[in-house]
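Student: Shown below is the structure under consideration.
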Amino acid sequence: MRGGAYALVAHSCHAPGLSSSSSSDPEFNSFWIRSFFAVGVRLVRLCAAGLAVCTVLYFLASYNRTAETTTHFVTWYALIGLAGIAVALIARQRKLAALCLVFTLFFVALIAPWYLAQSPQPTSSDPNLRVLTANVHSINEQTSLLLDLVVQEDPDIVMIQELSPMWVRALQSLRDAYPYHVERGRPDHFGIGLYSRWPLENSEVFNLADDRYPAIRADIQVNGRLISVLNMHTMPPLTSAAFELRNAQLAAAGEFANGVDDLAIVAGDLNITMWSPYYRALESKSELRNVRRGFGIIPTWPANLPLLGLALDHVLASPDILVVDVEPGPDIGSDHLPLLVELFVPELDELVDPTLRR
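Set out below in structure tokens:
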């Protein structure tokens, strides 16, 4: 019995299907290579079909909530398209590569202006207005991380979203450096606060498009210019009702900015990316520009996925407020990253382009 078992094992080691030399068999290798390419071609076809669907949905985003949701992942589509082109070329599927290229170029064209478009440059390289906006996440207990960031970056204005009673207590230490402040702490995710080195005029907590969710508006004087500031946190569009409310809040913010006497800054967690038609409507109505232009997409959510995340936190400013620098802040324990912005507010006679005067 024992000898028969040894013989069986020895025989199986030399069976054609299990031979150690099969990996060097040209026929064996050819089979696996053909299988690999076949799977790759199928995946590229799926990729091309998916990109085609996302392109169509982009143009339908004004009419459907699901279609609008797909607009936020433009960078993902571009990366998937580039991967599809590479696989198609390796598999020598030139027509399929060309098809992926068409759709990929469409999404790249949506991304490129955020890296290439440059705002007018300030005559001085030194900013005279530094802004920090941060959704601190109401249940985040790592308050020292934000406080350390404020000390390090020394902003002139700090805008906080999701200001809970715990955060109100933690931010009391800022009041010596930021004696002018307006805050509304809440136990949910919609508390809000504004802290300033400079006097705040006409400051108030008010409801933007809905009587349940507060925003803060105030006026500040910088370099002889009056800047109306709006700090807001829109409703996450997770349901149809929330989607409609977010869009109404954005429309109300556009009306606010459009009605100011001189300059405006709208900032906060807007729960929308730059490719949504409702975001574009905000820019159009407000006549403001996103400070990101020329500095990149700068994702802010989720904080632990910075390269593939979404740009949900924004600062929009009047065109004659010049942008010196924009960068994401470090992890502060929130699901959002802060956004740090350095601006230059010129006097009226310092404007680089006189046509920018409101």
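By the count of numbering that gives the first Met the number 0, the sequence shown reaches residue 357 at its end, each step adding exactly one.
Built from N, CA and C at the ideal position, the CB exists for glycine as well.
#1: Provide the residue span of the beta strand (DSSP E) that contains Ser227, from first to last.
#2: Per DSSP, which one or two residues make a beta bridge with Trp358?
#3: Could you tell me whether the segment 224-241 touches the segment 250-270, using the rule of 3 or more Cβ pairs below 8 Å?
#4: Quick one: measure Cβ to Cβ for Val340 and Val290, integer angstroms, because I've assumed they're closer than 8 Å.
#5: Counting C-beta neighbours from all protein chains within 10 Å, is the total for Ser61 16 or more, i.e. buried, or is it exposed?
#6: Could you tell me the distance, in whole angstroms, from the CA atom of Ala51 to the CA atom of Asn303?
#7: Can you say whether Leu287 is buried or exposed, counting buried as having 16 or more other CB atoms within 10 angstroms of its CB?
#8: Pick helix, strand or coil for Tyr62, following the three-state DSSP scheme.
#9: Would you call the segment 323-331 and the segment 95-111 touching, i.e. three or more CB-CB distances under 8 Å?
#10: Pull up the DSSP beta-bridge partners for Thr132, would you.
#11: Go ahead and pull the three-state DSSP assignment for Ile215.
#12: Taking only the alpha-carbon atoms, compute the straight-line gap between Asn63 and Tyr179 and give it to the nearest angstrom.
#13: Tell me the DSSP secondary structure of Tyr177 in three-state form.
#14: How many Å lie between Leu131 and Ala90 at the Cα?
#15: Exposed or buried, what is Arg211 when buried is set at 16 or more other beta-carbons lying within 10 Å of its beta-carbon?
#16: Are the beta-carbon atoms of Ser137 and Asp187 separated by less than 8 Å?
#17: Mind listing, in chain order, the continuous beta strand (DSSP E) runs of no fewer than 3 residues lying wholly within the segment 262-307?
#18: Please identify the residue among Tyr76, Val86, Ser275 whose C-alpha is closest to the C-alpha of Gly39.
#19: In terms of residues, what are the limits of the beta strand (DSSP E) holding Ala316?
#20: For Gly223, does the count of other Cβ atoms within 10 angstroms reach 16, so buried, or fall short, so exposed?
#21: Rounded to whole angstroms, what is the Cα-Cα separation between Leu148 and Pro337?
#22: Starting from Tyr194, follow its DSSP beta bridges and name the residues at the other end.
#23: Starting from the Cα of Glu203, find the closest Cα among Ala217, Ile191, Arg196, Ser195 and give me that residue.
#24: Among Leu262, Ala266, Ile219, Gln220, which residue has its Cα nearest to the Cα of Thr233?
#25: Take the Cβ of Asn246 as the centre, count every other Cβ of all protein chains shown within 10 Å, and call the residue buried at 16 or more, exposed below.
#26: Considering just the uninterrupted stretch of the alpha helix (DSSP H) at Asn246, what are its terminal residues?
#27: Using three-state DSSP, classify Gln141 as helix, strand or coil.
#28: Would DSSP call Phe189 helix, strand or coil?
#29: Could you give the residue range of the beta strand (DSSP E) that holds Phe205?
#30: Please list, in chain order, all residues of the same chain as Trp197 whose beta carbon is under 6 Å from its beta carbon, the five residues on each side excluded.
#31: Helix, strand or coil for Val322 per DSSP?
Tutor: In this structure, then:
#1: 224-232
#2: Any property of residue 358 remains undetermined from this structure, which presents the chain solely from 0 to 357.
#3: yes
#4: 5 Å
#5: exposed
#6: 30 Å
#7: buried
#8: coil
#9: no
#10: Met158, Leu338
#11: strand
#12: 42 Å
#13: coil
#14: 48 Å
#15: exposed
#16: yes
#17: 262-268
#18: Val86
#19: 312-316
#20: exposed
#21: 9 Å
#22: Val157, His180
#23: Ala217
#24: Ala266
#25: buried
#26: 239-257
#27: coil
#28: coil
#29: 200-206
#30: Ile219
#31: strand
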